[in-house]
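Residue numbers (the numbering used here), protein chains in the order written: chain L, 1 to 258; chain Z, 1001 to 1115.
The next block holds one structure in the form of structure tokens; read it before the comments.
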């Protein structure tokens, strides 16, 4: 089943999950969603408003973004997979490095961020992934730190890449593809299989490793605040400037403010 | 002896300079971050990282060439981790990386180009 439900777990998820934190979390979340909903492009809002992001929604957002870029005359390639299919990606040819920005902000900016966060393991799974990741890195000849969390290991691997010896090491790259959520490796478009989800490790789903109500939180209040700030700063969405809430949440329709 | 040491020292410095990719550091609001990009073998990379706790998120993208076509990668993004690396395998060349960060207070930097 391709509709992998991803619990939208965000930056402060681990710290704020459970107990009274969750209650206050949810309370502020509701009001924040109202605010973000006014600012968020309709297509992304439709994917996130239920506080869950499915793989289908993630993939759909990519297709919409790529189609949008193509419609604007941009030579764009994708969606293709990276990190063993846990993420989608695209690339584009242009002298303007920001030629993708409008479509990215319209269809992907929020969704992509949420998806990235949802793929980062937490709790016991984070410990397991860290151990496997460290073993993999060690097996290729590096000496990763024995203590510290997953972020420290990611930092170690990232720093190692700066050394040309390791920066072009296929074995280390295989470890990165398998485990990393900070280092994103993809092949150029012409080397891609054209099957974006030929993954050996499927994207994480909420039911795969997390206990609902325990270490799965809805979209965090802080994160939504950040999203709102980011969006305010970066996105000039014509509809939102007209001050209305979207009535249409279906990507297939033409949305307009009331 | 001194001349040999001087030559050795110079060679060592040159070697160090040659293996260290282009790097830059800059700030936006209370967020300081750095970036580098490199090309080795057939791998193009752009690294964007926070250097203090004032950074909320970072993005990075890399400009690379394959089959005579220059492409921009999609930006990498990180939130919990304080860095991200965009890694493109199979590239023929790379010329620069672009980096951007969001500070905790919401200040968003312009894209910063490092060569």
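C-beta atoms are modelled at their ideal positions from N, C-alpha and C, and glycine is treated no differently.
Test item: CB-CB of residue i and residue j under 8 angstroms
i	j	result
residue 1034/Z	residue 1044/Z	no
residue 1076/Z	residue 1050/Z	no
residue 69/L	residue 100/L	yes
residue 1114/Z	residue 164/L	no
residue 157/L	residue 183/L	yes
residue 91/L	residue 74/L	no
residue 137/L	residue 172/L	yes
residue 150/L	residue 116/L	no
residue 1037/Z	residue 1029/Z	no
residue 57/L	residue 47/L	yes
residue 180/L	residue 154/L	yes
7 angstroms CB neighbourhood of residue i in its chain, flanking five on each side removed
i	result
residue 96/L	none
residue 104/L	65
residue 1090/Z	1042, 1066
residue 82/L	89, 184, 185, 186
residue 1106/Z	none
DSSP bridge partner residues for residue i (one or two, in chain order)
i	result
residue 1031/Z	1028/Z
residue 1069/Z	1066/Z
residue 1078/Z	1058/Z
residue 1112/Z	1099/Z
residue 1087/Z	185/L, 1045/Z
residue 1093/Z	1065/Z
Contacts around residue i, its chain only, beta-carbon distance under 6 angstroms, and the 5 residues preceding and following it disregarded
i	result
residue 161/L	167
residue 1079/Z	1057
residue 1112/Z	1026, 1099
residue 1104/Z	1054, 1056
residue 194/L	Confidence in residue 194/L is poor, its pLDDT being 43 and thus under 50, which makes the residue's placement unreliable; the coordinate value appears in the next sentence. For residue 194/L, where only same-chain residues beyond five positions count, there are no Cβ hits under 6 angstroms.
residue 1087/Z	1045
Cutoff 8 angstroms; reference residue i; Cβ partners in own chain excluding five residues on either side
i	result
residue 152/L	145
is_contact[residue i, chain B] using C-beta, thresh 8 angstroms
i	result
residue 1099/Z	Given the protein chain composition of this structure (L and Z), no chain B is represented.
Would you be able to state if there are at least three C-beta pairs under 8 angstroms between the region 1047-1065 of chain Z and the region 1087-1098 of chain Z?
In the pairwise beta carbon analysis, the region 1087-1098 of chain Z is classified as touching the region 1047-1065 of chain Z: at least three pairs are separated by under 8 angstroms.
Would you check if the region 107-119 of chain L and the region 54-62 of chain L touch, i.e. whether three or more CB-CB distances between them fall below 8 angstroms?
Segments in contact, yes.
Using a Cβ distance threshold of 8 angstroms, determine whether the region 134-142 of chain L contacts the region 1067-1075 of chain Z, with at least three qualifying pairs required.
The region 134-142 of chain L is not in contact with the region 1067-1075 of chain Z.
Taking the runs of the alpha helix (DSSP H) that are 4 residues or longer, which of them lie wholly in the region 37-117 of chain L?
Complete alpha helix (DSSP H) runs here, min 4: 42-48, 55-71, 101-107.
Continuous alpha helix (DSSP H) assignments of at least 4 residues falling wholly in the region 127-195 of chain L
With a minimum length of 4 residues, the continuous alpha helix (DSSP H) runs that stay inside the region 127-195 of chain L are 150-160, 164-167, 170-179.
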